[in-house]
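What follows is a set of notes on a single structure, which appears directly below.
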Amino acid sequence: MSTVKGLRAGVTAGILAGVALMTGPFSARVSAQTQFSTEVPGSILIFPKVVNTTPDTIIQVTNTSNSQVYAHCFYVDGRSVNGQPLWTVTDFELALTRQQPTHWSARDGRAVNPFDGTQGLDPGLVPPVSQGFSGFLVCVETLSDGTPVNSNALKGEATVGVIEGPGGLNQVSKYNAIMIPGLQPDPMSCPGCGNNGDDILKLDGVEYAACPRDLLMNFQAEGSSDPAIDGVFNAPSIVSSNLTLVPCGMDFQNLIPSSTSLAVSIRNEFEINSSTSSAIPVDCWFSGSLGQTVPFGGSFDVGTLQSDFGTSILSPQAPSDLPGLGVINVLRTAGDGTSDTAASNLFWPAGGATVDSEIRLPGVP
Amino acid sequence: MLTMKKLTVIGAGAFALITSPMARAATYSDAGAGVLVYAKIVVDDQTDTVVQVANQSASPTAAHCFYVNANRRCTNTGAVCSGSTDCFDASSGFTGACLPGWIEVNFDVLMTPNQPLAWSAAQGLGFKQPAGLFYGNVPCPGGLLNTCPGSNAGTRVPPVGETPFVGELKCIESDPTTRLPRPCNTNDCTGPGVCCRNDLIGSASVESLTFEGDIDVERYNAVGLRSAGFNDGDNVLTIGGSGTGPAAPEYQPCAQVVVFNHLFDGATDPIVDTGLYAHSTLALVPCTEDFAEQQVPQVTAQFLVYNEFEQRFSTSRSVNCLLDTPISLIDTSQPERSIFSASVAGTVAGNTRITGVNGGIIGSATLAFCPITGCTDPASGEPQALGAGYDLNQFSDRVDADIIRIP
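If you read the sequences in order, they're chains A and B.
Going by the working numbering, the final residue of the first sequence carries number 1542, and the count climbs one at a time with no gaps.
Going by the working numbering, the final residue of the second sequence carries number 427, and the count climbs one at a time with no gaps.
What follows is the structure in structure tokens.
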């Protein structure tokens, strides 16, 4: 055998051996990004807290790829009337050029009008939400025809704020959108895996990442003092937190409000465990102060907690319940009555359990 | 000589190398980690930072932490400065240079299972008896007055070394005795082998008293570096890379690109038009740090800035230990001429991709709304901003390794 033939045969054999290795027990079925994140671009964005009450919400969405990207977005009004969730869904579409950032106000929306004074390529007609809107926003990455796709190009942030100027109420909070990666498995090791382009987005670890089962929340006890504010001689300060939650799974196709119940276990700085007397009912959307008697029963109060800081785990109450996704917004009020808010994303346990769920999109007529 | 056997091995290796999936990028601000990086700790007469850290596991753990004082100092007087004009020495008549500094103080934090802890950077966390709800005390001091099943004995967090203070905090999950990361060889904590732990989660709130008497709180989650499934327990923490043996990666890599969404400076407040304008600040620290040799890390950060018209600008800046700056001062000393200025960029929102050239970068950001006179009252020098902190995004992994060397 000549040297050239030998080289060719050897490399071929090597490639075949490599294929065998890659499809064997050491092969990786899924792409690099397999988990929900608040810092890595994904194919589904969830903004758990979007309001048009006294605060407004500024939404920022960016295409982090070098290709044109489209998104199908859904505003969901999470308010309840007589205990029944409204579940009013308004959808719209975005088109973003490569690396394009965009923004809009939930209150005002954004028109497609190059002469309207809002500079930049208008990403599409974004409707304004109604006055008093309190809910969330979901954006799904698609192709131009609306077919879901797993390019993981989207990232987003939301700024929730009210600014009245000097002497007035001034509070600004910002959080990162929750980004769900679409999975891109190796087709040789998992044929048929990945996004099948239908309107049922399976959050199952095969099409998209599965929902983390548990949420970790670090918090400061309700009614406790803030050491930094007291330290700059503006005592006595008071801290209060607002928790916003949405179920990890939605049905926009049949317009059935998602609901779940989350059990809460709490631990204070003295390693003392406790829990809330009832689970958190998340009917489409939940937003409430940790100091509310229902459902928290005073468990987060500084007198009950017996320490200034604590940590808690929010988990589905029943095996059939969906996990929750959310943000926490902390209000700090100083001794002179001035205040400010600061939002932050919640945590997920490292290597924690996951729960399969789905997001159903309305079909293209 | 190339034999069939050697060629087969070469081919297999080449194929596996080409097609092997990259490790998941990189840093985590939303899940437990083995190293936490708080990119911005600020203490001055009007500002303090509340640091929160929690042990998310059912086992006790410890963290060996490092405050890095990145105050700039005058070369002639050693005083803290913000510019060379602060370094005029009347006695000699000479003006020194204002150079970035690097002073490191380390301490230990021992946590019981699932325990949260918090402290003010200005006050620290002591070890006074009796424990209770008094600021500055560990909750579980151990001994006769301890009310906890576990103990924080050994914990002592000093107040930051001086006021004013600008710097970072880094906490490394470690063995409380050796003060080094625990040796481990797997991330699978359910099987055989010694489990690598990622138990730490944290956040920081930078809280200021503004000129008008308002309070301003800017909160961000600490950025975490998670274990790569191996640690030899020495004092060199290898972050990413593809080394073998002692140079094998011990933590997942830092991001190749940090993605920073922001409003351009000077953009009209899009929430309510009250005459306030957007101003953002960016805090960046290098991924590589040498606490043992006290080497001041320096990384060059390259910025690609996209506006809403998809138009692109670029600039670069050195990150010496810590870069904490308004974004419109990254590329110029005249903010209105900066590529980060709305008047130059032409739109409200921007997307900036930051790449570290000779090292990885970790950071956090702040969005503030300030009057036309700026974010500092011209008369008093006190802050007059209304801000919110947030975490940066990331894209892809660094190929080269970063290291953290600890004493």
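Here a beta-carbon is modelled for each residue, glycine too, at the ideal position from N, C-alpha and C.
Quantities reported herein were computed from a predicted structural model and do not represent experimental measurements.
Roughly how many whole angstroms lie between the Cα atoms of residue i and residue j?
i, j, result
"B/Thr248", "B/Tyr271", "The sequence shown places Ala at residue 248 of chain B, not Thr. Approximately 5 Å, taken between the alpha carbons."
"B/Val62", "B/Gly187", "7 Å"
"A/Pro1291", "A/Ile1236", "19 Å"
"A/Phe1524", "A/Asn1450", "19 Å"
"A/Gln1397", "B/Val70", "11 Å"
"B/Leu304", "B/Ser338", "10 Å"
"B/Val278", "A/Ala1248", "23 Å"
"A/Leu1378", "A/Arg1537", "6 Å"
"B/Thr230", "A/Asn1372", "50 Å"
"A/Ser1414", "A/Val1507", "13 Å"
"A/Thr1267", "A/Pro1539", "11 Å"
"B/Val325", "A/Gln1348", "28 Å"
"B/Gln414", "B/Ser112", "49 Å"
"A/Ser1204", "A/Pro1362", "Model confidence at A/Ser1204 stands at a pLDDT of 30, short of 50, so the residue's coordinates are unreliable; what they give is reported in the following sentence. Straight-line Cα distance between these residues: approximately 10 Å."
"A/Phe1224", "A/Glu1448", "33 Å"
Measuring alpha carbon to alpha carbon, tell me which residue in the options is nearest residue i.
i, options, result
"A/Cys1367", "A/Ile1377, A/Asp1376, A/Val1383 and A/Pro1305", "A/Val1383"
"A/Gln1494", "A/Glu1341, A/Ala1456 and A/Pro1304", "A/Ala1456"
"B/Cys215", "B/Ser194, B/Pro159 and B/Thr105", "B/Ser194"
"A/Leu1273", "A/Ser1307, A/Thr1230, A/Ile1223 and A/Lys1332", "A/Lys1332"
"A/Leu1320", "A/Gly1255, A/Ser1220 and A/Gln1348", "A/Ser1220"
"A/Asp1478", "A/Trp1281, A/Asn1411, A/Ser1492 and A/Asn1445", "A/Asn1445"
"B/Ser348", "B/Ser416, B/Phe86, B/Ser363 and B/Trp122", "B/Ser363"
"B/Thr372", "B/Leu245, B/Gly144, B/Thr335 and B/Thr396", "B/Thr335"
"B/Phe250", "B/Val237, B/Cys209 and B/Arg239", "B/Cys209"
"A/Pro1548", "A/Met1356, A/Gln1245, A/Leu1314 and A/Asn1411", "Missing from the structure shown is residue 1548 of chain A; chain A here goes from 1178 to 1542 and no further."
"A/Pro1304", "A/Ser1282, A/Pro1539 and A/Gly1297", "A/Ser1282"
"A/Thr1510", "A/Thr1437, A/Thr1211, A/Asp1407 and A/Gly1475", "A/Asp1407"
"A/Thr1279", "A/Asn1353, A/Asp1299, A/Asn1243 and A/Ala1288", "A/Asp1299"
"B/Asn378", "B/Lys60, B/Ala421, B/Asp65 and B/Ser416", "B/Ala421"
"B/Ala298", "A/Ile1340, A/Val1227 and A/Gly1294", "A/Ile1340"
"B/Ile291", "A/Ser1214, A/Val1227 and A/Leu1222", "A/Val1227"
"A/Pro1500", "A/Ile1223, A/Leu1392 and A/Tyr1385", "A/Leu1392"
"A/Ala1440", "A/Ala1519, A/Thr1230, A/Leu1422 and A/Leu1432", "A/Leu1422"
"A/Gly1338", "B/Ala408, B/Asp417 and B/Ile424", "B/Ala408"
Would you say residue i lies against chain A (beta-carbon separation less than 8 Å)?
i, result
"B/Gly380", "no"
"B/Asp411", "yes"
"B/Cys168", "yes"
"B/Cys160", "yes"
"B/Asp438", "Nothing can be reported for residue 438 of chain B, as the shown portion of chain B is limited to 21 through 427."
"B/Thr375", "no"
"B/Leu13", "The requested residue 13 of chain B is not part of the displayed model; chain B covers only 21 to 427."
"B/Val70", "yes"
"B/Val237", "yes"
"B/Pro150", "Reliability fails at B/Pro150, whose pLDDT of 45 lies under 50, so the model's placement of it is uncertain and the value that follows must be treated cautiously. It does not: the Cβ of B/Pro150 has no partner Cβ on chain A nearer than 8 Å."
"B/Asp420", "no"
"B/Tyr87", "no"
Hey, is residue i's beta-carbon within less than 8 Å of any beta-carbon in chain B?
i, result
"A/Val1217", "yes"
"A/Pro1278", "yes"
"A/Gln1602", "Summary: the structure shown does not reach residue 1602 of chain A, with chain A confined to residues 1178 through 1542, and so no result is reported for it."
"A/Pro1202", "A caution first: A/Pro1202 carries a pLDDT of 34, below 50, which makes its placement in the model unreliable, though a value can still be read off. Answer no: the Cβ-Cβ gap between A/Pro1202 and chain B never drops below 8 Å."
"A/Asn1327", "no"
"A/Val1555", "The structure shown has nothing for residue 1555 of chain A, since chain A only spans 1178 to 1542."
"A/Glu1334", "yes"
"A/Phe1524", "yes"
"A/Ile1433", "no"
"A/Ser1418", "no"
"A/Gln1296", "yes"
Using a threshold of 7 Å, is the CB atom of residue i nearer than that to any non-hydrogen atom of the ligand SAM?
i, result
"A/Gly1487", "In the structure shown, the ligand SAM is absent, as is every other ligand, since no ligand is present at all."
Is the Cβ of residue i closer than 8 Å to any Cβ of chain D?
i, result
"A/Asn1229", "Looking at the structure shown, chain D is missing, and the protein chains on hand are A and B."
* To do: Using a Cβ-Cβ cut-off of less than 9 Å, give me the residues of the segment 185 to 214 of chain B that come near chain A, in sequence order.
  => So the list reads Asn207, Asp208 and Cys209, given in the order they occur along the chain.
* Asked: Of all the beta strand (DSSP E) runs that stay within the bounds of the segment 1237 to 1272 of chain A, which reach a length of 3 or more residues?
  -> Correct list: 1246 to 1254.
* **Interfacial residues, the segment 1341 to 1357 of chain A to chain B, with Cβ spacing under 9 Å** => Result list: Glu1341, Gly1342, Pro1343, Gly1344, Gly1345, Asn1347, Gln1348, Val1349, Ser1350, Lys1351, Tyr1352, Asn1353, Ile1355 and Met1356.
* **Near-chain A residues of the segment 130 to 141 of chain B (beta-carbon distance less than 9 Å), N- to C-terminal order** => Here the close residues are Thr132, Pro133, Asn134, Gln135, Pro136, Leu137, Ala138, Trp139, Ser140 and Ala141.
* Anything in the segment 1484 to 1507 of chain A with a Cβ closer than 8 Å to a Cβ of chain B? List those residues in chain order, please. => Result list: Ser1484, Asp1485, Phe1486, Gly1487, Thr1488 and Val1507.
* Contact set between the segment 1374 to 1399 of chain A and chain B, restricted to residues whose Cβ is under 7 Å from the partner -> From the segment 1374 to 1399 of chain A, only Leu1393 and Asn1395 have a Cβ closer than 7 Å to chain B.
* Asked: When Cβ atoms are compared, which residues of the segment 1436 to 1467 of chain A fall closer than 7 Å to chain B?
  -> If the cut-off is 7 Å between Cβ atoms, the segment 1436 to 1467 of chain A has Arg1444, Glu1446, Phe1447 and Glu1448 near chain B.
* chain A contacts made by the segment 240 to 259 of chain B, where a contact means CB separation under 8 Å -> Listed by position along the chain: Tyr240, Asn241 and Arg246.
* Continuous beta strand (DSSP E) assignments of at least 3 residues falling wholly in the segment 124 to 192 of chain B -> With a minimum length of 3 residues, the continuous beta strand (DSSP E) runs that stay inside the segment 124 to 192 of chain B are 136 to 140.
* What are the start and end residues of each continuous alpha helix (DSSP H) run of 4 or more residues lying completely inside the segment 1382 to 1407 of chain A, in chain order? -> Listed in chain order, nothing qualifies, since the segment 1382 to 1407 of chain A has no complete alpha helix (DSSP H) run of 4 or more residues.
* Asked: Which full runs of the beta strand (DSSP E) of 3+ residues lie inside the segment 308 to 389 of chain B, going along the chain?
  -> If we require 3 residues or more, the beta strand (DSSP E) runs fully inside the segment 308 to 389 of chain B come out as 318 to 327, 332 to 340, 343 to 346 and 369 to 376.
* Interfacial residues, the segment 356 to 373 of chain B to chain A, with Cβ spacing under 7 Å -> For the segment 356 to 373 of chain B, which is checked against every Cβ of chain A, the residues closer than 7 Å are Gly366, Thr367, Val368, Ala369, Gly370 and Asn371.
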